[in-house]
Amino acid sequence: MPGRVHVVDDDDSFRTAMERRLRLAGYQVATYPSAQQLLDRLPEESEPGCILLDVQIPGLTGPELQGRLNELGSTLPIVFLTGHVDTSTTVRTIKAGAEDFLTKPVESKQLLGAIERALARHAAVRSERHRIDEMRALVAALTPREHQVFGLVVRGKLNKQIAHELGATERTIKAHRHKVMEKIKVQSLAELVSLAERLGLLAAGK
Amino acid sequence: MIRLISFKGLIAGLLVLLAPTALAQERRPHSILVLDQAETRGPFYDLIFSGLREVVGAHPGPRVTLYGENLDLNRFDGTAYEQSLKRHLHEKYQDKPIGVVLAIGARALECALRWREELWPGIPIVFTMVDEIDFARLGPPPDATGVIVKTPLTDSIKVARAVVPDLDTVVIIGDQWERVAVFRSWVDEIPTATAGLRVVQVIGEKMADIRKLVAELPERSAIIYSSIYSDGEGGYLLPRIAVGLIAEKANRPIVVAAETFLAPGGVGGYVLVPSAIGADAAKIALRIFNGERAETISPVSGGVKPIFNWVQMQRWNVSESGLPEGSEIRFREPTFLERYRWQSMLIVAALLVQAGLILFLLHERRMRRNAEIESQKRMSELAHVNRQATTSELSSSIAHEINQPLGSILTNAETAELILQSEIPDLGEIREILADIKRDDQRAGEVIRRLRGFLKNAPFETKEVDLNQIMNETFRFLSLQATSRNIELYLQTSPAELRIKGDPVQLQQVILNLVVNSMDAMATIPYGRTVIGRTELNGDSTVEISISDSGPGIPPNKLAQVFDPFFTTKDQGMGIGLSIARTIILAHKGRIWAENQNGGGAAFHFTLPLAA
């Protein structure tokens, strides 16, 4: 899978070696001698990419950069590289969503495997996010009345109950419901509920 | 005449016998009249008198009075002189009761015997300095006893043979025979006593001639001296002066027969000992005072002893072993040890004490040296343990430092492999890769080398090193650790080289321990963690190094304890890091201390002497 790998490492020699190897494998490569430099010019997330991050770098450390990126809502998967494995750092970074945790020196096969998985994940995350955005747009296109009906339907309310709640006839509710199904482009009530859940509308408690 | 004397003596003896002993003792006055044959000046007779006086004076009982008369019979004789003496004594002693008459010399004895009936009837006579022949001539006198001296010529010949082993000539030197008192008998002895020897008699010659003669005596000869009282030209000489004059010129040893002749130059002989002659006679007189009767005390012989002059023995090369048994040697020059006995002993004692002291100090020094070596060994071992502990604490930094180049090498190698598999390999790139690999390999090697040097359990050894360089290396080693712990590490070294004598590994360890200690101290503060190292010249003989941090500082009451072993504020610390730092600095003759900075944080300082 093509993509751009962002290499953050304070060691010139290591950055150069990585760049060579990754280019040869067909990736585009961007290198940063410090974590701050990556923050200064945040990578474009629209294209497939991932970050290859050293744990021990002067200034902002690897795990600290990870935290900052998470705060910024970055979707770029992070593969950590370290010269020295220590369990607490590993656990902390994995919990914070690291894609992988590799030890230097790392074999290409292992490295490329991790990068491939990271890129695939990024692609998946991106397409998922794309679909959700689409669905949000569909939901946003509903009229306020339709939105009300949608909210109550996905919570399992019957037409009669909804009509009673909204002070309308059962026939009117039926028409709204039909309109909602049509606008959101779903065939069944099950699909509608699933969509609402993915957009996080059920958890809201409305 | 002899019969008459005996008869009178018998009567006197009977009288004494009749009287009860105790009564006689009580009646007998405790006084002795000494009739000395010699003149007053004669040293020989003087010594006899002093020997006598000494014994009498030491006698415990009632005090004994001594009267002395020098009759000077050696120079004066004749009936008229004798009569005048008798008269003089009669008048002088008519009111003085006399207990014992003590005659010194045969002539004095003769006079005493003649005068007794008139002057001291019934008074016993004790004699001394009477030779065998005179004694025999006088017959055992009645109511008289004493000391007989025996000085036969045979004794002198015997001595001459001992002094000159291959003796063939004896030169007998003396005054006219009738004048030489106890030696008078020699003239009769000569034929028998000197059998087998050539005899030269020098009798009554002028002293000047004698002195010429004795200077040219043949080898294998010895002089036998009796006595000389005149120089042969009318001048009077003391016999001991005469022997001295002869000895001055003599080319052969002189055998003498009187103790007083030894000092002026006699080699020795069976000599008359005047003090013994006097003492022996006095003892007999005291026995009479104690109640014994003169008749019951048989005359004793004595007053003669073989005595030799050590100085003359040396001159004539006489060996001590050849001398007669029981010989006494006089004037022996003391050997160095004898002369300086106390000084020598003192010196020997001082030397012994000194030697003992030196040995003790050497022993002490060795013990101290051993203890020093032992303590250095222990310190080195402990320091090694501490380095191992520090190293494991710093293991993540070390692993990172090694794995960094190793990671580059592996990746580069794999890349190169792939490039080579392509149709047209980019050799330029391959070259670059290989150069990178080489460089990274050296980097990794350097890390390992430094680490090994640091972990080596080497004994304490000093060499001249630049402290700035040690600081630089140590700070580089610590930089990763500082990075990963979010600590800013600064180093300000003095522009000049700081040459000191020390063990580089141990000094690195001191710096490492201090910096790690500062890093640990700052674990709790959220930001602004800084460690500053500084080296500077302190005067012109010492270097000062300080490590300061921005941590919480040291509680003032703990400042003095931070260097104590096992003092720690950390949960996992052993408390040996700073203690070892101090031990190492002290071993380098330096000083180490801790203080709190005005602006907060702790500062550790140590000084080291500059290499001369």
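One line per chain: the protein sequences are A and B, in this order.
According to this note's numbering, the first sequence is numbered sequentially starting from 1.
According to this note's numbering, the second sequence is numbered sequentially starting from 207.
Every residue gets a Cβ at the ideal spot worked out from N, C-alpha and C, and that includes glycine.
Model, not experiment: these values are computed from the prediction.
For His130 (chain A), would you say it is in contact with chain B, using Cβ-to-Cβ distances shorter than 7 angstroms as the test? Residue mapping note: residue 130 (chain A) aligns to position 130 of the first sequence, counting from 1. Not closer than 7 angstroms to any Cβ of chain B, the Cβ of His130 (chain A) fails to qualify, so no.
Where does Lys180 (chain B) sit, in a helix, a strand or coil, going by DSSP? Here chain B comprises residues numbered 207 to 818, so residue 180 (chain B) is not present and cannot be evaluated.
Please report the distance separating the alpha-carbon of Glu411 (chain B) from that of Glu544 (chain B). Within the second sequence, numbered from 1, the residue matching residue 411 (chain B) stands at position 205. Within the second sequence, numbered from 1, the residue matching residue 544 (chain B) stands at position 338. C-alpha separation (whole angstroms): 43 angstroms.
The segment 63-85 of chain A: positions lying closer than 8 angstroms to chain B by Cβ: Leu81, Thr82, Gly83 and His84
Keeping to the same chain, check which residues put their C-beta closer than 6 angstroms to that of Phe101 (chain A); ignore five residues upstream and five downstream. Translated into the one-based positions of the first sequence, residue 101 (chain A) becomes position 101. Same-chain partners within the cutoff: Phe80 and Thr90.
Neighbour-count burial assignment, Tyr251 (chain B), 16 or more Cβ in a 10 Å radius: Along the second sequence, one-based indexing puts residue 251 (chain B) at 45. By the 10 Å Cβ count, Tyr251 (chain B) comes out buried.
Between the CA atoms of Gly613 (chain B) and Ile630 (chain B) - distance to the nearest angstrom: Counted from its first residue, the second sequence places residue 630 (chain B) at position 424. Counted from its first residue, the second sequence places residue 613 (chain B) at position 407. Their backbone Cα atoms lie some 27 angstroms apart in a straight line.
Taking only beta-carbon positions, decide if Gly205 (chain A) is within less than 7 angstroms of chain B. For the purposes of this step, residue 205 (chain A) is taken as residue 205 along the first sequence, with counting starting at 1. Confidence at Gly205 (chain A) is low in this model, with a pLDDT of 48, below 50, so the placement of that residue should be treated as unreliable; the coordinate-derived value is given next. So no, Gly205 (chain A) is outside the interface.
For Met207 (chain B), the three-state DSSP class (helix, strand or coil): Position 1 of the second sequence, counting from 1, holds the residue named residue 207 (chain B). Note that Met207 (chain B) scores a pLDDT of 45, beneath 50, so its modelled location is shaky and nothing firm can be said.
Take Gly219 (chain B) and list the residues in its own chain whose beta-carbon comes closer than 7 angstroms to its own, dropping the five residues that flank it on each side. Residue numbering aside, residue 219 (chain B) sits at position 13 when the second sequence is read from its first letter. Bear in mind that the predicted position of Gly219 (chain B) carries a pLDDT of just 49, short of 50, making it unreliable; the figure below should be weighed with that in mind. Cβ within range, chain order: Pro348, Asp349 and Glu501.
DSSP three-state assignment for Met728 (chain B), whether helix, strand or coil: Here the question's residue 728 (chain B) lines up with position 522 in the second sequence. Met728 (chain B): coil per DSSP, three-state reduction.
Taking only heavy atoms of the ligand ATP into account, decide whether any of them is closer than 6 angstroms to the Cβ of Glu71 (chain A). Here there are no bound small molecules, and the ligand ATP is not part of this structure.
Just how far apart, CA to CA, sit Glu64 (chain A) and Phe773 (chain B)? Residue numbering aside, residue 64 (chain A) sits at position 64 when the first sequence is read from its first letter. Residue numbering aside, residue 773 (chain B) sits at position 567 when the second sequence is read from its first letter. Whole-angstrom Cα-Cα distance: 35 angstroms.
Are Ala30 (chain A) and Ile57 (chain A) closer than 7 angstroms when you measure CB to CB? Your numbering for residue 30 (chain A) matches position 30 in the first sequence. Your numbering for residue 57 (chain A) matches position 57 in the first sequence. Not a contact, by the Cβ cut-off of 7 angstroms.
State the DSSP-derived secondary structure class of Ser194 (chain A), mapped to helix, strand or coil. The sequence position of residue 194 (chain A) within the first sequence is 194, counting from 1. Ser194 (chain A): helix per DSSP, three-state reduction.
Counting beta carbon pairs with one atom in the segment 40-58 of chain A and one in the segment 114-133 of chain A, are three or more of them shorter than 8 angstroms? yes
Within 7 angstroms of chain B by C-beta, residues of the segment 9-38 of chain A in sequence order: Asp11, Ser13, Phe14, Thr16, Ala17, Met18, Arg20, Arg21 and Leu24
Check distances from the C-beta atoms of the segment 92-109 of chain A to those of chain C and list, in chain order, the residues that come in under 8 angstroms. In the structure shown, chain C does not exist; the protein chains are A and B.
Boundaries (first-last residue) of the beta strand (DSSP E) holding His147 (chain A): Reading the first sequence from its first residue, position 147 is the one you call residue 147 (chain A). Taken as a continuous stretch (DSSP letters only), His147 (chain A) belongs to no beta strand (DSSP E), being part of the alpha helix (DSSP H) at Pro144 to Val153.
Any idea which residues DSSP pairs Leu673 (chain B) with across the strands? In the second sequence, residue 673 (chain B) corresponds to position 467, counting from 1. The partner list for Leu673 (chain B) (beta bridge, DSSP) is empty, contrary to what the question assumes.
Pro58 (chain A) CB to nearest chain B CB: under 7 angstroms? Here residue 58 (chain A) is taken as the residue at index 58 of the first sequence, counted from 1. For Pro58 (chain A), the answer is yes, since a Cβ of chain B falls inside 7 angstroms of its Cβ.
Our contact map puts Val721 (chain B) next to Ile753 (chain B) with C-beta atoms below 8 angstroms; I'd like the distance itself, whole angstroms only. The residue you call residue 721 (chain B) lines up with position 515 of the second sequence. The residue you call residue 753 (chain B) lines up with position 547 of the second sequence. With a Cβ gap of about 6 angstroms, Val721 (chain B) and Ile753 (chain B) count as contacting.
Along the segment 606-640 of chain B, where does the CB come closer than 8 angstroms to a CB of chain A? Name the residues. His606, Glu607, Ile608, Asn609, Gln610, Pro611, Leu612, Gly613, Ser614, Ile615, Leu616, Thr617, Asn618, Glu620, Thr621, Leu624, Ile625, Glu635 and Ile639
Find the nearest neighbour of Asp340 (chain B) within the set B:Glu323, B:Arg571 and B:Gly311, judged by alpha-carbon distance. If you number the second sequence from 1, residue 340 (chain B) lands on position 134. Here the closest residue by C-alpha is B:Gly311.
Tell me which residues share the same chain as Ile329 (chain B) and place their Cβ nearer than 6 angstroms to its Cβ, disregarding the 5 neighbours each side in the sequence. Position 123 of the second sequence holds residue 329 (chain B). Counting only Cβ-Cβ distances below 6 angstroms, and skipping sequence neighbours, we find Ile304 and Val307.
Hey, out of A:Lys104, A:His147 and A:Val7, whose CA is closest to Arg23 (chain A)'s CA? What you label residue 23 (chain A) is simply residue 23 of the first sequence in a count that begins at 1. Checking every option, the nearest Cα to that of Arg23 (chain A) belongs to A:Val7.
Ala809 (chain B) (DSSP reduced to helix, strand or coil): Reading the second sequence from its first residue, position 603 is the one you call residue 809 (chain B). Reduced to three states, the DSSP call for Ala809 (chain B) is strand.
Given a threshold of 16 other Cβ atoms within 10 Å of its Cβ, counted over all protein chains shown, does Gly806 (chain B) qualify as buried or as exposed? Your numbering for residue 806 (chain B) matches position 600 in the second sequence. Classification of Gly806 (chain B): exposed, given that the 10 Å Cβ count is below 16.
I'd like the span of the beta strand (DSSP E) that includes Thr196 (chain B), first residue to last. Look at the range of chain B in this structure, 207 to 818, and you will see that residue 196 (chain B) is not part of it.
Length of the line joining the Cα atoms of Glu316 (chain B) and Pro268 (chain B): Here the question's residue 316 (chain B) lines up with position 110 in the second sequence. Here the question's residue 268 (chain B) lines up with position 62 in the second sequence. Rounded to whole angstroms, Glu316 (chain B) to Pro268 (chain B) spans 30 angstroms at the Cα level.
Excluding sequence positions up to five away, which residues of its chain have a Cβ less than 8 angstroms from the Cβ of Glu99 (chain A)? Counting from one through the first sequence, the residue named residue 99 (chain A) turns up at place 99. Cβ within range, chain order: Cys50, Pro77, Ile78, Val79, Ala114, Arg117, Ala118 and Arg121.
Inter-residue spacing [alpha-carbon to alpha-carbon] between Arg536 (chain B) and Leu468 (chain B): Position 330 of the second sequence holds residue 536 (chain B). Position 262 of the second sequence holds residue 468 (chain B). So the two alpha carbons sit approximately 8 angstroms from each other.
Got a sec: is the Cβ-Cβ distance from Val7 (chain A) to anything in chain B below 7 angstroms? The sequence position of residue 7 (chain A) within the first sequence is 7, counting from 1. False, the Cβ-Cβ gap to chain B never drops below 7 angstroms.
Hey, out of B:Ile434, B:Val406 and B:Val405, whose CA is closest to Ala387 (chain B)'s CA? As a first step, residue 387 (chain B) must be located in the second sequence, where it is residue number 181. For the residues B:Ile434, B:Val406 and B:Val405, the minimum Cα distance to Ala387 (chain B) belongs to B:Ile434.
Indicate the three-state DSSP secondary structure (helix, strand or coil) for Trp799 (chain B) in the structure shown. Along the second sequence, read from residue 1 onward, the residue named residue 799 (chain B) stands at position 593. Strand at Trp799 (chain B).
Which value, in whole angstroms, describes the spacing of the CA atoms of Val355 (chain B) and Val405 (chain B)? The residue labelled residue 355 (chain B) in the question sits at position 149 within the second sequence. The residue labelled residue 405 (chain B) in the question sits at position 199 within the second sequence. Using only the alpha carbons, I get a separation of about 25 angstroms.
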